[in-house]
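Report on the structure given below.
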Amino acid sequence: MAKLSSLPKGLQCVTTLSKLIIESCPNLVSLPEWMANLTGLQYLVLDKCYNLSERCSNKVSGADWPKIAHIPYININGRWIQLVGHNKPHYVDRTHIPDLSYGK
34 MAKLSSLPKG LQCVTTLSKL IIESCPNLVS LPEWMANLTG LQYLVLDKCY
84 NLSERCSNKV SGADWPKIAH IPYININGRW IQLVGHNKPH YVDRTHIPDL
134 SYGK
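Residue 34 is where the sequence shown starts when you use our numbering, and the numbers rise one by one after that.
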């Protein structure tokens, strides 16, 4: 995925997408505007996408923050940036994002 410079446009049509992990994409420098339309997205993990991480991690001045602010659970480079309504887990397993629904 190192050559990926933008997310596939078809991804915007996957309205049931609930988890998205983007890893090791140094050429991915910004998220598309349509990310804000993925209202079913519950978890976003960015790891080793350093240009993108800078644009997403700052809630005040991050250029891409408005595109992802609606996502309840956001982890960037192993650090929880946003975790709505729950205590922060101590880890992020890239293959299994913990279910934080607590009985829902």
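Beta carbons are placed, not taken as given, at the ideal position from N, Cα and C, and that holds for glycine.
Predicted model only: the values in this text are computed from it and were never measured.
Taking the alpha carbon of residue i as the point to measure from, which residue in the options has its own alpha carbon closest?
i: residue 42; options: 110, 99 and 67; result: 67
i: residue 88; options: 75, 103 and 109; result: 109
i: residue 36; options: 47, 57, 51 and 48; result: 57
i: residue 71; options: 61, 60 and 53; result: 53
i: residue 84; options: 62, 114 and 97; result: 62
i: residue 139; options: 113, 49, 112 and 114; result: This structure cannot speak to residue 139, because the chain is shown only from 34 to 137.
i: residue 44; options: 60, 69 and 59; result: 69
i: residue 59; options: 107, 65 and 82; result: 82
Assign residue i to buried or exposed, taking buried as 16 or more other Cβ atoms, counted over all protein chains shown, within 10 Å of its Cβ.
i: residue 79; result: buried
i: residue 38; result: exposed
i: residue 92; result: exposed
i: residue 86; result: buried
Alpha carbon to alpha carbon, what distance is there between residue j and residue i?
i: residue 101; j: residue 118; result: 17 Å
i: residue 99; j: residue 106; result: 14 Å
i: residue 47; j: residue 112; result: 26 Å
i: residue 95; j: residue 116; result: 17 Å
i: residue 90; j: residue 114; result: 7 Å
i: residue 76; j: residue 103; result: 10 Å
Inset, instruction - Could you name each continuous alpha helix (DSSP H) segment of 4 residues or more that falls completely within the region 84-122, going from the start of the chain to the end? - result: For the region 84-122, whole alpha helix (DSSP H) runs of length 4 or above, ordered along the chain, are 98-101.
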